[in-house]
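Trainee: Residue 41 is where the sequence shown starts when you use the numbering used here, and the numbers rise one by one after that.
Let me begin by handing over the structure; questions about it come next.
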Amino acid sequence: TIAAPNSDNNNTLTLPDEAGTVLTSASSIPSSQITGSLGGTTLVDSGSFTGATTVSADSVFTSTYKNYRLFINSGVSNSGDQDFSLQMRSGGSTNGTSNYSYTQGYVNIALNKDLYTAFGGDSNTDWFIFDNHDNSHDITFVIDLHNPATTNYTQVNWNIYGYDNGYTKWVGGFGRHKTTTSFDGWILSRNNGTVTGTYTLYGWNES
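Right, here's the structure in full:
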């Protein structure tokens with residue numbers, strides 16, 4: 041039923057000369073139909089993984105957003121301490137060139153701390169983002185990526201919350217990829233065992 045307003049005004053409703061669905065205030069708008077620069081954060085991708093040796097996603101970085109935040113919540117297998125690294129992907133292939141530049145440090149609940157100068161540097165094949173995570177404990181990754189889908193340098197920073205040698209441990213770091221390569225995906229790897237958990241990726245622009 042289409043109801044006219046209770047007034048003497050003449051109003052015109054013009055339908056577009058094309059097929060489609062009329063949306064109302066109760067409708068949801070598919071993200072694929074939204075264009076232009078959007079403020080705030082928007083869910084871009086999500087997934088789960090079970091008994092995985094690596095976790096990755098392709099075709100998730102686009103020109104729609106300049107910045108992305110990746111959350112990974114994972115439990116690890118009972119296979120000894122695990123190290124984690126992050127790399128970029130493009131066209132379904134992992135970029136393993138010696139162009140990953142980074143540094144990082146850590147502090148644990150006992151206030152032990154260090155700067156990972158030995159692991160960082162200017163010509164690595166990945167970003168080494170957490171070392172010696174104890175088995176059977178959960179680990180949470182919060183990773184910000186800037187300009188991954190542009191021809192600017194991809195910048196990255198991370199905050200990771202895990203467990204090492206009987207202590208809750210925080211690792212923070214930052215880096216960049218030293219080439220102006222446009223990437224569309226990411227991959228998280230570990231040195232042994234498997235991981236089980238979920239991930240979510242959000243995109244956001246400055247305005």
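Here a beta-carbon is modelled for each residue, glycine too, at the ideal position from N, C-alpha and C.
Check the DSSP bridge columns for S201 and list the partner residues they point to.
Mentor: A quick correction: the sequence has Tyr, not Ser, at residue 201. DSSP output for Y201 lists T180 and W210 as bridge partner(s).
Trainee: Going by alpha carbons, who is nearest to L151 out of D224, N197, A44 and Y207?
Mentor: That would be Y207, whose Cα lies nearest to the Cα of L151.
Trainee: Take the Cβ of V211 as the centre, count every other Cβ of all protein chains shown within 10 Å, and call the residue buried at 16 or more, exposed below.
Mentor: Label assigned to V211: buried.
Trainee: Please return the same chain residues whose Cβ sits closer than 8 Å to the Cβ of H177, not counting the five positions on each side in sequence.
Mentor: The residues are G115, V116, G202 and Y203.
Trainee: I need the DSSP call for D224, collapsed to helix, strand or coil.
Mentor: Of the three classes helix, strand and coil, the one that applies to D224 here is coil, per DSSP.
Trainee: Straight-line CA distance for Q127 to G120?
Mentor: Each residue's Cα considered, the two are about 23 Å apart.
Trainee: What is the rounded straight-line gap between the Cα of A187 and the Cα of T219?
Mentor: Sequence inspection shows Asn at residue 187; the Ala mentioned does not correspond to that position. N187 and T219: Cα-Cα distance of roughly 12 Å.
Trainee: For N107, I'd like the list of residues in its chain whose CB is within less than 6 Å of its CB, leaving aside the five on either flank, ordered along the chain.
Mentor: The answer, listed in chain order, is H186 and W244.
Trainee: Using C-beta distances below 6 Å, list every residue in its chain close to T238, excluding the 5 sequence neighbours before and after it, in chain order.
Mentor: Contacts found: S88 and N113.
Trainee: Chain D beta carbons: is any one of them nearer than 9 Å to that of T238?
Mentor: The structure shown contains no chain D; it holds only a single protein chain.
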